[in-house]
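4 protein chains.
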Amino acid sequence: MAILHEPQVELIAWTGFAKPEGYPWTTDSERDGERLIEFAGRMCYQSWDNPSGRTNREYIQNLLKQGHLSVLEHAQASFAISGISRSCSHELVRHRHFSFSQLSQRYVAEDEANFVEPSVIASDPRTHAIFVEAVEAARQAYIRLNELLEEKFSHIPSRVERRKLARQAARAVLPNATETKLVMTGNLRAWRHFLRLRASRHAEAEIRKVALLIYQKLLELAPAVFSDFQVTCGADGVTELITPYTAD
Amino acid sequence: MAILHEPQVELIAWTGFAKPEGYPWTTDSERDGERLIEFAGRMCYQSWDNPSGRTNREYIQNLLKQGHLSVLEHAQASFAISGISRSCSHELVRHRHFSFSQLSQRYVAEDEANFVEPSVIASDPRTHAIFVEAVEAARQAYIRLNELLEEKFSHIPSRVERRKLARQAARAVLPNATETKLVMTGNLRAWRHFLRLRASRHAEAEIRKVALLIYQKLLELAPAVFSDFQVTCGADGVTELITPYTAD
Amino acid sequence: MAILHEPQVELIAWTGFAKPEGYPWTTDSERDGERLIEFAGRMCYQSWDNPSGRTNREYIQNLLKQGHLSVLEHAQASFAISGISRSCSHELVRHRHFSFSQLSQRYVAEDEANFVEPSVIASDPRTHAIFVEAVEAARQAYIRLNELLEEKFSHIPSRVERRKLARQAARAVLPNATETKLVMTGNLRAWRHFLRLRASRHAEAEIRKVALLIYQKLLELAPAVFSDFQVTCGADGVTELITPYTAD
Amino acid sequence: MAILHEPQVELIAWTGFAKPEGYPWTTDSERDGERLIEFAGRMCYQSWDNPSGRTNREYIQNLLKQGHLSVLEHAQASFAISGISRSCSHELVRHRHFSFSQLSQRYVAEDEANFVEPSVIASDPRTHAIFVEAVEAARQAYIRLNELLEEKFSHIPSRVERRKLARQAARAVLPNATETKLVMTGNLRAWRHFLRLRASRHAEAEIRKVALLIYQKLLELAPAVFSDFQVTCGADGVTELITPYTAD
């Protein structure tokens with residue numbers, strides 16, 4: 224058991240692109256996702272030549288400006304996310320344009336689970352003490368419930384089934400703070416929408432941390448697609464992303 | 224604070240239908256959703272006359288048999304669901320073809336929260352005692368954290384904002400068992416898919432209860448659309464829905 | 224065969240609502256969709272009492288202002304649409320948050336098909352003459368192809384199958400202008416998005432007509448939900464909808 | 224202008240994967256999509272060790288057998304498709320889990336458009352002659368309408384706008400057979416669903432050709448994910464895909 228304070232976000236998958244034969248087009252970007260986006264956009268208008276010499280970055284910035292965002296859907300990014308709480312993942316999985324594979328509390332034992340402590344609780348010894356005591360008590364209750372339930376289900380031949388029945392009930396006492404891990408995949412249009420909502424000052428503090436970390440990775444992956452976002456820090460210390468564009 | 228054992232499911236909204244002028248068609252069903260489904264199906268083939276005298280029920284059963292399920296999407300049903308745990312809602316909101324409005328732990332105080340006890344825990348005095356003690360301890364920790372955090376944020380002028388900042392952090396110690404409430408809306412195709420997955424014996428016990436209750440309401444609302452499902456009870460006491468049809 | 228100039232749009236289905244027991248809430252709207260939306264919104268905050276005496280309309284207008292649009296997803300509306308071209312339906316079915324049941328050219332004979340003439344073509348006798356001649360020639364080619372193909376497939380015992388094989392090939396010569404009919408269902412959030420895109424001056428002329436007709440029906444159905452849209456007519460005679468809100 | 228008989232399908236984008244640090248797992252596949260799928264599946268159960276020495280192929284085949292298909296959503300594939308008709312694309316874009324960027328008849332001139340002739344029409348000189356005459360007549364009508372409409376809109380200063388207004392009306396006479404081109408992106412679960420429906424003998428002949436070509440490319444890209452599909456040819460000469468698995 225450990226008390227965690229920062230989410231871990233790793234970019235683990237993204238779109239590779241191979242320009243097909245027969246399209247009289249070249250571009251200046253070396254990033255596959257951005258090249259695919261320009262290719263798909265030019266498919267709509269068959270504008271394979273580029274007389275004005277527009278760069279890939281200019282092309283994509285024009286898409287953002289025009290709100291022609293469906294073209295961004297062709298490129299995707301996947302993240303492995305850990306060090307987040309179950310209340311954070313409950314918010315994450317509300318985003319219906321994404322795909323998720325998440326640690327299952329029905330199948331995985333949480334005897335040694337970690338717990339994610341909100342910063343505002345960690346920063347005060349009084350609240351920190353309450354938090355640590357509460358999550359440790361919950362963990363002990365979970366372990367004890369799990370033992371008694373496995374005993375109760377000892378007549379079930381399958382060990383996997385027996386454990387599942389015990390764990391899915393015992394987890395009832397685990398707190399929102401329990402760490403979870405997941406893979407989250409979405410296209411770049413969906414990620415833009417996610418950042419607008421979840422890296423905003425109106426978002427909950429933990430998911431905003433996650434969104435800001437994801438933004439850093441996405442900005443490296445496809446700088447033109449996220450070039451309109453600006454990191455700003457308010458007088459109250461809240462860091463958020465803002466953009467002049469409102470379309471999703 | 225109460226300990227809850229059964230979910231509450233109420234059908235609160237469903238589709239009304241008014242046959243438009245100019246379509247030479249009548250049907251024998253008096254249920255709006257089923258009439259709309261037949262109307263939409265007949266639109267595809269312009270089969271407004273019905274020479275073989277097929278009933279609405281036969282028409283819909285044929286759709287199920289053919290796997291022509293997109294027609295079922297025109298009719299919807301909404302449920303108000305309460306008495307379920309946050310671990311159950313975490314599974315519910317994974318269904319991306321539905322719409323949800325759920326009690327927010329960021330905005331709503333949980334000082335008097337109820338807790339949902341799994342049946343297998345309730346049925347043994349030893350596990351029941353551990354459960355009750357654990358959730359009550361969590362509730363007390365939540366109340367104390369909330370007080371200290373509201374104090375910490377006392378410089379913030381907006382009471383709504385101050386409370387939100389306290390509650391969204393304090394909820395970290397609330398258990399999975401904490402009761403939540405929500406409105407869940409979906410079309411009848413999506414509900415069929417939901418029932419196939421969540422009223423199955425492979426589903427977790429609490430969500431299976433919810434799914435079986437929803438099934439009862441849907442069967443009243445649109446009996447032809449759910450007529451293939453059979454309630455069965457296994458030797459191990461597990462009640463589930465089964466259907467001969469496999470398409471979603 | 225007829226030449227059509229105006230789409231037909233009929234509201235055929237919408238959401239009915241029955242307030243469940245046990246929620247200490249009343250509202251002043253008599254429209255079911257709007258009552259459901261307020262109910263779902265209040266579920267999130269458990270704000271069942273209404274000390275400030277906010278009307279349902281004010282409640283919904285605040286949702287629009289805050290961009291809290293997921294609540295609008297619980298109420299839906301279905302339209303029967305006819306008198307539109309296949310190029311228009313090709314644009315309609317790109318909207319992925321809707322459900323569609325459309326006349327199938329594989330199954331339905333188009334010998335007596337109608338054709339939708341664009342206004343700008345109809346308004347000039349020269350273009351009108353070209354259009355009428357072209358669609359009539361296409362129809363004759365379709366009829367002749369269909370006959371020859373049915374002959375070719377005369378060895379196939381099933382009349383339905385034989386006809387399908389002939390029609391799905393013969394339709395290759397039918398023009399974009401060929402009339403189609405469909406049922407289109409979506410929730411009110413999706414319809415707002417649709418109106419923003421398709422009732423805009425940037426939309427194609429025919430789909431803009433459809434969107435403006437749908438808007439009129441939606442405004443009657445749920446006036447508060449669409450109260451921010453304004454019909455405006457430009458100096459160039461283009462009628463469009465505009466709204467101060469940008470979120471979808 | 225050319226008469227086309229075969230669709231062109233090229234795989235242009237797919238998912239690359241980089242295993243993150245800190246997960247004690249290796250696998251035997253060298254295909255990124257398949258490695259990502261196994262990684263995401265193991266995230267759910269934290270089954271990073273592999274005591275039974277299951278291969279990646281065995282792991283994925285077990286997912287298919289269990290119907291645990293959400294894990295397949297993390298890997299995607301994009302195709303550039305050309306040589307297909309507008310009636311085929313009208314069917315393609317009905318698949319709502321995909322992203323599309325399609326040649327716009329509002330913006331692109333179709334003076335030199337190609338036309339896709341159904342095989343059953345091409346195989347008989349009588350039907351072939353009718354087809355060729357019909358599409359050439361439609362093309363000539365389009366060219367003439369376009370000229371007259373550009374004249375009509377000659378007062379509009381923007382050349383792009385003027386052309387758009389002419390083309391979006393003139394296309395009304397273009398036939399279903401008119402060639403279109405598009406980029407289509409989806410995840411591997413969506414592609415499996417697409418193949419089940421569109422490579423089936425019940426599918427329309429042209430889209431079945433497209434689906435079978437896509438299948439060949441997907442089988443190369445991720446053989447384990449599509450290993451259950453079998454190409455079969457019926458006594459009537461219809462080639463289709465079949466699979467023992469029914470879940471989507």
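Chains as they are written, first to last, in our numbering: chain A, 224 to 471; chain B, 224 to 471; chain C, 224 to 471; chain D, 224 to 471.
The beta carbon of each residue, even a glycine, is placed where N, CA and C say it ideally should be.
CB contact check: residue i to chain D, cutoff 8 Å
i, result
"residue 471 of chain B", "yes"
"residue 313 of chain C", "yes"
"residue 231 of chain C", "no"
"residue 464 of chain A", "no"
"residue 316 of chain C", "yes"
Assigned exposure category for residue i - 16 Cβ within 10 Å defines buried
i, result
"residue 224 of chain C", "exposed"
"residue 168 of chain B", "Here chain B comprises residues numbered 224 to 471, so residue 168 of chain B is not present and cannot be evaluated."
"residue 465 of chain A", "exposed"
"residue 252 of chain C", "buried"
"residue 271 of chain D", "exposed"
"residue 362 of chain C", "buried"
"residue 467 of chain B", "exposed"
"residue 459 of chain C", "exposed"
"residue 308 of chain C", "buried"
"residue 285 of chain B", "exposed"
"residue 390 of chain C", "buried"
"residue 265 of chain B", "buried"
"residue 455 of chain C", "exposed"
"residue 383 of chain B", "exposed"
"residue 249 of chain B", "exposed"
Below-8 Å beta-carbon distance, residue i vs any chain A residue
i, result
"residue 307 of chain D", "no"
"residue 375 of chain B", "yes"
"residue 254 of chain B", "no"
8 Å Cβ cutoff, residue i in contact with chain C
i, result
"residue 294 of chain B", "yes"
"residue 310 of chain D", "yes"
"residue 391 of chain D", "yes"
"residue 428 of chain D", "yes"
"residue 297 of chain B", "yes"
"residue 397 of chain D", "yes"
"residue 385 of chain D", "no"
"residue 301 of chain B", "yes"
"residue 412 of chain D", "no"
Contact with chain B by residue i, beta-carbon distance below 8 Å
i, result
"residue 224 of chain C", "no"
"residue 284 of chain C", "no"
"residue 172 of chain A", "Because chain A spans 224 through 471 in this model, residue 172 of chain A falls outside it and cannot be assessed."
"residue 367 of chain A", "yes"
"residue 421 of chain A", "no"
"residue 431 of chain A", "no"
"residue 259 of chain C", "yes"
For residue i, the three-state DSSP class (helix, strand or coil)
i, result
"residue 464 of chain D", "strand"
"residue 454 of chain D", "strand"
"residue 396 of chain B", "helix"
"residue 433 of chain D", "helix"
"residue 443 of chain B", "helix"
Any residues in the stretch 341-363 of chain D with a beta carbon nearer than 9 Å to a beta carbon of chain C? Which ones, in chain order?
341, 342, 343, 344, 346, 347, 349, 350, 353, 354, 356, 357, 358, 360, 361, 363
Curious, which full-length beta strand (DSSP E) runs of at least 3 residues does the stretch 233-310 of chain C contain?
299-308
Extract the residue ranges of the beta strand (DSSP E) inside the stretch 312-390 of chain A, only unbroken runs of 3 or more that lie entirely within it.
322-325
Chain B contacts made by the stretch 233-250 of chain C, where a contact means CB separation under 9 Å:
233, 234, 235, 236, 237, 238, 239, 240, 241, 242, 243, 244, 245, 246
Give me the subset of the stretch 399-410 of chain B whose CB atoms are less than 7 Å from a CB atom of chain A, sorted by chain position.
399, 400
Near-chain C residues of the stretch 318-336 of chain B (beta-carbon distance less than 7 Å), N- to C-terminal order
322, 324, 325, 326, 327, 330, 331
Using a Cβ cut-off of 8 Å, which residues of the stretch 267-284 of chain C contact any Cβ in chain B, in chain order?
267, 268, 269
Using a Cβ-Cβ cut-off of less than 8 Å, list which residues of the stretch 440-458 of chain D approach chain A; keep chain order.
none
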